[in-house]
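Undergrad: For reference, the structure I am asking about is given below.
2 protein chains.
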Amino acid sequence: MKSATEHMAVKDDLLRLDRQLCFPLYAASRLITRLYQPMLEPLGLTYPQYIVMLILWEDAPCSVSRVGERALLNSNTLTPLLKRLEHLGYVRRARGTADERVVQISLTAAGNALKIDCACVPETLLANVSYSPEKAIALKESLDELIRKLQEAPGRNST
Amino acid sequence: MKSATEHMAVKDDLLRLDRQLCFPLYAASRLITRLYQPMLEPLGLTYPQYIVMLILWEDAPCSVSRVGERALLNSNTLTPLLKRLEHLGYVRRARGTADERVVQISLTAAGNALKIDCACVPETLLANVSYSPEKAIALKESLDELIRKLQEAPGRNST
DNA sequence: TTCGATCACTTCGCACGCGATCTAATATAC
DNA sequence: GTATATTAGATCGCGTGCGAAGTGATCGAA
Numbered sequence: 026m027k028s029a030t031e032h033m034a035v036k037d038d039l040l041r042l043d044r045q046l047c048f049p050l051y052a053a054s055r056l057i058t059r060l061y062q063p064m065l066e067p068l069g070l071t072y073p074q075y076i077v078m079l080i081l082w083e084d085a086p087c088s089v090s091r092v093g094e095r096a097l098l099n100s101n102t103l104t105p106l107l108k109r110l111e112h113l114g115y116v117r118r119a120r121g122t123a124d125e126r127v128v129q130i131s132l133t134a135a136g137n138a139l140k141i142d143c144a145c146v147p148e149t150l151l152a153n154v155s156y157s158p159e160k161a162i163a164l165k166e167s168l169d170e171l172i173r174k175l176q177e178a179p180g181r182n183s184t
Numbered sequence: 026m027k028s029a030t031e032h033m034a035v036k037d038d039l040l041r042l043d044r045q046l047c048f049p050l051y052a053a054s055r056l057i058t059r060l061y062q063p064m065l066e067p068l069g070l071t072y073p074q075y076i077v078m079l080i081l082w083e084d085a086p087c088s089v090s091r092v093g094e095r096a097l098l099n100s101n102t103l104t105p106l107l108k109r110l111e112h113l114g115y116v117r118r119a120r121g122t123a124d125e126r127v128v129q130i131s132l133t134a135a136g137n138a139l140k141i142d143c144a145c146v147p148e149t150l151l152a153n154v155s156y157s158p159e160k161a162i163a164l165k166e167s168l169d170e171l172i173r174k175l176q177e178a179p180g181r182n183s184t
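Note that the protein sequences, when read in sequence, are chains B and E. Oh and the first sequence: position 47 is 72 in the numbering used here, straight run, nothing missing. Oh and the second sequence: position 117 is 142 in the numbering used here, straight run, nothing missing.
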């Protein structure tokens with residue numbers, strides 16, 4: 026039978042920072058954001074705004090909730106973010122005519138044109154980080170699976 | 026030779042949300058935080074505060090900059106966070122005697138005791154997500170490598 | 001048809017994250 | 001020994017994230 030001290034040692038181990046999966050996720054996410062920032066700043070975009078623009082280039086015009094589904098962001102984050110994109114002149118926000126509850130987001134000419142300026146962003150990034158494309162693809166697939174599992178998990182799965 | 030249209034199509038592809046590595050990182054990180062939140066809330070902790078406590082349980086007493094090195098966070102984030110942990114009664118902040126520029130962070134009795142309450146957090150989390158430990162370990166190793174590459178990358182590597 | 005759900009979004013409050021800047025203490029140059 | 005540079009934290013401003021609560025529009029059951 027394990028002594029109380031041994032039992033504590035096991036628990037201790039599980040709480041070590043270098044044993045956590047959560048921390049490298051948190052850290053890598055922030056490091057990536059820092060890497061994008063200098064490329065996006067000249068365009069007036071923050072990193073979350075860039076993600077939303079990626080979605081809009083695929084889906085616009087679409088509702089706030091549609092953007093939220095894809096970005097996994099709630100409307101309380103998106104509303105102010107979209108207002109900033111509107112002030113920047115990249116998107117328009119308009120209440121739907123059929124259903125006045127929904128706000129349709131559409132791209133302005135400037136918003137569409139921005140896509141050209143962003144085209145080089147992913148390449149530039151890859152060039153700056155010496156991480157092999159194969160590993161990047163494998164990592165992305167692992168993360169996609171983890172995300173699916175996390176969304177299945179119990180708890181607040183709001184969005 | 027590729028036509029302008031074909032060239033655009035390639036660029037288009039690189040900007041698809043489901044082709045980005047950055048997005049699953051960003052999304053997974055936030056989903057993980059959401060998963061921890063209900064476990065940490067009863068203890069009065071936010072997720073970043075939990076990360077800092079993990080570091081302190083290993084390293085305390087230590088300086089603010091030491092915490093920052095490990096968490097990859099700057100003092101402008103840590104100072105208010107540590108003040109909140111101080112208000113919660115988990116840590117003490119005191120200027121060093123040898124060098125009055127450094128602020129030493131030490132754990133209170135409550136801060137040490139909190140470790141016992143957190144011992145079950147990693148296990149509970151694993152139990153809630155049906156993600157195999159082998160995959161989790163592989164994912165963590167991939168992320169650790171990515172983090173190393175990101176820290177080597179040019180740009181603002183402040184911390 | 002009308003009145004209570006439900007829905008889509010907004011607003012509010014609080015805690016990050018981080019670039020930029022400030023302050024006080026220490027190190028270094030001369 | 002004084003002047004300058006560097007360092008460790010703190011402060012400020014802004015943009016997220018997100019729980020909770022609010023508002024107005026639509027849906028559904030009685």
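Every residue gets a Cβ at the ideal spot worked out from N, C-alpha and C, and that includes glycine.
1. At a CB-CB cut-off below 8 Å, which residues of chain E make contact with Gln176/B?
2. What residue from Tyr75/B, Asp169/B, Glu159/B and Ala134/B has the CA that sits closest to Met114/B's CA?
3. Could you check whether Leu46/E and Ala144/B sit closer than 9 Å to each other, using their CB atoms as the reference points?
4. Could you round the C-beta distance between Lys165/B and Pro49/E to whole angstroms and report it? I think they count as a contact, below 8 Å.
5. Just to confirm, are Arg55/E and Leu97/B a CB contact at a threshold of 9 Å?
6. Distance check for Asn153/E and Ala178/B, CA to CA, integer angstroms please.
7. Runs of 3 residues minimum, wholly inside the region 38-79 of chain E: which ones carry the beta strand (DSSP E) assignment?
8. To the nearest angstrom, report how far apart Met78/E and Thr122/E are at their CA atoms.
9. Determine which residues of the region 88-117 of chain B have a Cβ less than 9 Å from any Cβ of chain E, and write them out in chain order.
10. Roughly how many whole angstroms lie between the Cα atoms of Leu151/B and Thr71/E?
11. Between the region 84-94 of chain B and the region 102-111 of chain B, are three or more C-beta pairs nearer than 8 Å?
12. Considering only residues of the same chain and omitting the five flanking positions on each side of Tyr75/B, which have a CB-CB separation below 6 Å?
13. Just the C-alpha distance for Asp124/E and Trp82/E, rounded to the nearest angstrom, thanks.
14. Using a C-beta cutoff of 9 Å, does Leu50/B count as contacting chain E?
15. Could you give the first and the last residue of the continuous beta strand (DSSP E) run that contains Val128/E?
16. With a Cβ-Cβ cutoff of 9 Å, do Ser167/E and Ser157/B count as a contact?
17. Quick check on Ala144/E: does DSSP put it in helix, strand or coil?
18. Using a Cβ-Cβ cutoff of less than 7 Å, which residues in the same chain neighbour Ala85/E once the five nearest sequence positions on both sides are dropped?
19. Flag this pair as yes or no: are the beta carbons of Leu175/E and Ala53/B separated by less than 9 Å?
20. Can you tell me whether Pro147/B is buried or exposed? The criterion is at least 16 other CB atoms within 10 Å of its CB, across all chains shown.
TA: On the basis of the supplied data:
1. Under the 8 Å cutoff, chain E gives Leu56.
2. It should be noted that the sequence gives Gly, not Met, for residue 114/B. Residue nearest to Gly114/B within the set Tyr75/B, Asp169/B, Glu159/B and Ala134/B is Ala134/B (criterion: CA-CA distance).
3. Not in contact: Ala144/B and Leu46/E (Cβ atoms no closer than 9 Å).
4. Contact holds; Cβ gap of about 6 Å.
5. In contact: Arg55/E and Leu97/B (Cβ atoms closer than 9 Å).
6. One alpha carbon belongs to Ala178/B, the other to Asn153/E, and they sit about 6 Å apart.
7. Complete beta strand (DSSP E) runs here, min 3: none at all.
8. Cα to Cα, the separation comes out at about 24 Å.
9. In summary, the residues of the region 88-117 of chain B whose CB is separated from some CB of chain E by less than 9 Å are Arg95, Ala96, Leu97 and Leu98, in the order they occur in the chain.
10. Approximately 33 Å between the Cα atoms of the pair.
11. Contact between the region 84-94 of chain B and the region 102-111 of chain B is present: three or more C-beta pairs spanning the two stretches fall below 8 Å.
12. Excluding positions up to five away in sequence, the list reads Leu65.
13. Distance between the alpha carbons of Asp124/E and Trp82/E: 23 Å.
14. Yes, its Cβ sits closer than 9 Å to a Cβ of chain E.
15. Counting along the chain, the unbroken beta strand (DSSP E) around Val128/E starts and ends at Val128 to Leu132.
16. Contact: no.
17. Look at Ala144/E here: in three-state DSSP terms it is coil, with no helix or strand label.
18. Around Ala85/E: Ile130, Ser131 and Leu132.
19. Yes, they are a contact pair.
20. Taking all protein chains in view, the Cβ of Pro147/B is crowded by 16 or more other Cβ atoms within 10 Å, so the residue is classified as buried.
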